[in-house]
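>
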Amino acid sequence: MGKRQRRAAIQSIETRHMAEREQVMRALHNLDRRSFLKVSAAAGAAVATQGLAFPHSFQPINLVGGNGESFKIAYISDSHLYEKKLNDRFVKSLLRAVDDVNRMDPQPDFVFYGGDLAQLGQPQELELGAQILKNLKAPLRIIVGEHDWYYDMGETWRSLFGADRWSFDHKGVHFVALNSVVEEDFWTARGLTPLQRMQTVAGLDNGLQRPFHVGAEQRAWLRQELEPITDDTPVVVFSHSPLYHLYKRWNFWTDDAPEVQQILSRFSKCTVIHGHTHQLLTNRIGNIWFHGLLSTAWPWPYAPEGLPELTIQMERPDPFNPMDGCGQGEIDVHADGLVDKIYRLWNRNPVTVSREYMMSFGKTDKPGRANLSSY
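Residue numbers in the sequence shown follow numbering that gives the first Met the number 0, run continuously in steps of one, and reach 374 at the last position.
Structure representation (structure tokens):
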């Protein structure tokens, strides 16, 4: 094929891709169930045009309740949606995640969304995410991330999704969700606009924002809320940021995490699941098991210090491959409260973090590394 033919072929592909992208964006304008199916198909076609395939981008969580009954939930997190006219790739990833969950048979008891639905917390971004998530067949539970909150201090998020903390019992498991991205006011004295405040919080290592915390008022609520729960009840806590100290300069950190851990320490079966870091993370503090889950948007690099010693690092993703470092996985929460976590990164062998590995503090059953070397 000569240069002119190659150029014509590339232009043809780009033209088709632009047409399919416009089809996706037009259909998103009014996203009922029927148009969702059309949009999902169009998103898949747009990626196929480029010779790519979406990774599955949700993670089922299998649990055994306090009554011995098994059930499943599905986890999606960190989609970082821009306005639909600015970025369609993140939209397609969330569409695919919702479509994947809707294909589960049987359906999960509920779907949990782990925060950072939006990128800049603007109403258009959050409303777009709400439009997509409303097409889930299973009930939705959702918590807030910092990218959802600091444009209007949660006003839009609350109007769409309700309370930013909650708890409930389901089949013998007690679920708790916390707003772990509270920051002390750094913006008023600097005279920042809402967008400047949001962009500051969304940035890393800028030296301006304050560290995340749960806060005294919310810790008091947690303590009171857990008071009637017996010590042997399985407890699953959802947070956006990790409820331990990892790397403060990037806000991979919750300042009052030790105080939260102290409240949770009496439970013999306690698992904390978080998003925010977009990477494989495994930690154990006392009898609390921590698992960081993957993003539908992009992977973060590992922090230069503070990495929990039980973490098996995923190799650095290919920066020229927008899907690399994303993927799915599965969590098995057993009757004894211990967890097997399987990470299935796109283009890599699965990595299993077993309960034997966690119980032995890494001495036995160490996970194998993924199959690709770092880029």
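For every residue, glycine included, the Cβ atom is placed at its ideal position computed from N, Cα and C. The structure displayed is predicted, hence computed values, not measured ones.
#1: Taking 9 Å as the threshold (C-beta atoms), are glycine 153 and histidine 239 in contact?
#2: Could I get the ranges of all uninterrupted alpha helix (DSSP H) runs contained in the segment 106-154, with 4 residues as the minimum, in chain order?
#3: Would you report the Cα separation of leucine 245 and arginine 189, rounded to the nearest angstrom?
#4: Can you have a look at proline 300 and say buried or exposed, based on whether 16 or more other CB atoms are within 10 angstroms of its CB?
#5: Does the segment 160-177 come close enough to the segment 212-230 to have 3 or more Cβ pairs within less than 8 Å?
#6: Quick check: what's the CA-CA separation for serine 359 versus glycine 285?
#7: Does glutamine 261 pass the burial test, meaning 16 or more other C-beta atoms within 10 Å, or should it be called exposed?
#8: Hey, which unbroken runs of the alpha helix (DSSP H) at 4 residues or more fall wholly within the segment 81-107?
#9: Given a cut-off of 9 Å, decide if isoleucine 311 and leucine 292 are closer than it, judged by their beta-carbon atoms.
#10: DSSP has cysteine 269 in a bridge; who is on the other side?
#11: DSSP puts arginine 282 in a beta bridge; with which residues?
#12: Taking buried to mean at least 16 other C-beta atoms within 10 Å of its own C-beta, is aspartate 168 buried or exposed?
#13: Evaluate the contact criterion for the segment 276-290 versus the segment 200-219: three or more CB pairs, one atom per stretch, below 8 Å.
#14: Under 6 Å Cβ to Cβ from aspartate 331, same chain only, skipping five residues before and after it: list those, please.
#15: Roughly how many angstroms lie between the CA atoms of lysine 170 and glycine 65, to the nearest whole one?
#16: Going straight from the alpha carbon of proline 303 to that of phenylalanine 70, what length do you get?
#17: In or out: arginine 5 buried (at least 16 other Cβ within 10 Å) or exposed?
#18: May I ask you to report which of helix, strand or coil DSSP gives leucine 177?
#19: My assumption, with CB atoms under 8 Å, is that alanine 96 sits in contact with isoleucine 75. Please give the rounded CB distance.
#20: Once DSSP output is grouped into helix, strand and coil, what is the label at valine 213?
#21: On the DSSP letters alone, give me the boundaries of the alpha helix (DSSP H) that glutamine 260 sits inside.
Judging by the given coordinates:
#1: Stepping through the sequence shown from its first residue, residue 239 is reached at position 240. Stepping through the sequence shown from its first residue, residue 153 is reached at position 154. For histidine 239 and glycine 153, no; Cβs fall outside 9 Å.
#2: Qualifying alpha helix (DSSP H) stretches, in chain order: 122-132 and 145-148.
#3: Start at 1 with the first residue of the sequence shown, and residue 245 comes out as number 246. Start at 1 with the first residue of the sequence shown, and residue 189 comes out as number 190. Looking at the two C-alpha atoms, the distance is approximately 28 Å.
#4: Counting from 1 along the sequence shown, the entry for residue 300 is found at position 301. Answer is exposed; the Cβ neighbour count stays below 16.
#5: The segment 160-177 vs the segment 212-230: in contact.
#6: The residue given as residue 359 occupies position 360 in the sequence shown. The residue given as residue 285 occupies position 286 in the sequence shown. Going from the Cα of serine 359 to the Cα of glycine 285 covers about 12 Å.
#7: Numbered from 1 along the sequence shown, position 262 holds the residue referred to as residue 261. Classification of glutamine 261: exposed, given that the 10 Å Cβ count is below 16.
#8: Here the runs fully enclosed are 88-101.
#9: In the sequence shown, counting from the first residue as 1, residue 292 sits at position 293. In the sequence shown, counting from the first residue as 1, residue 311 sits at position 312. Pairing leucine 292 with isoleucine 311 gives a Cβ-Cβ distance that is not under 9 Å.
#10: By one-based count along the sequence shown, residue 269 stands at place 270. For cysteine 269, which the question treats as bridged, DSSP gives the partners Val234 and Ile287.
#11: Taking the sequence shown and counting its residues from 1, the one referred to as residue 282 is at position 283. Note on identity: in this sequence residue 282 is asparagine, with arginine being the wrong assignment. In the DSSP secondary-structure assignment, asparagine 282 is bridged to Phe289.
#12: The residue labelled residue 168 in the question sits at position 169 within the sequence shown. Classification for aspartate 168: exposed.
#13: No: the two stretches stay apart, fewer than three of their Cβ pairs being nearer than 8 Å.
#14: Counted from its first residue, the sequence shown places residue 331 at position 332. Cβ neighbours of aspartate 331 beyond the five flanking positions: Asn61 and Asp339.
#15: Stepping through the sequence shown from its first residue, residue 170 is reached at position 171. Stepping through the sequence shown from its first residue, residue 65 is reached at position 66. Each residue's alpha carbon lies about 7 Å from the other.
#16: Mapped onto the sequence shown, residue 303 falls at position 304. Mapped onto the sequence shown, residue 70 falls at position 71. The straight-line gap from Cα to Cα measures roughly 38 Å.
#17: Within the sequence shown, residue 5 is the residue found at index 6, counting from 1. Low local confidence applies: a pLDDT of 45 at arginine 5 is under 50, so the model's placement there is unreliable, and no value is given.
#18: By 1-based counting over the sequence shown, the position of residue 177 is 178. Leucine 177: coil per DSSP, three-state reduction.
#19: Within the sequence shown, residue 96 is the residue found at index 97, counting from 1. Within the sequence shown, residue 75 is the residue found at index 76, counting from 1. Rounded, the Cβ-Cβ distance is 5 Å, consistent with contact.
#20: On the sequence shown, residue 213 is found 214 positions in, with the first residue counted as 1. Per DSSP, reduced to three states, the secondary structure at valine 213 is coil, with no helix or strand assignment.
#21: Here the question's residue 260 lines up with position 261 in the sequence shown. 256-263 is the extent of the alpha helix (DSSP H) around glutamine 260.
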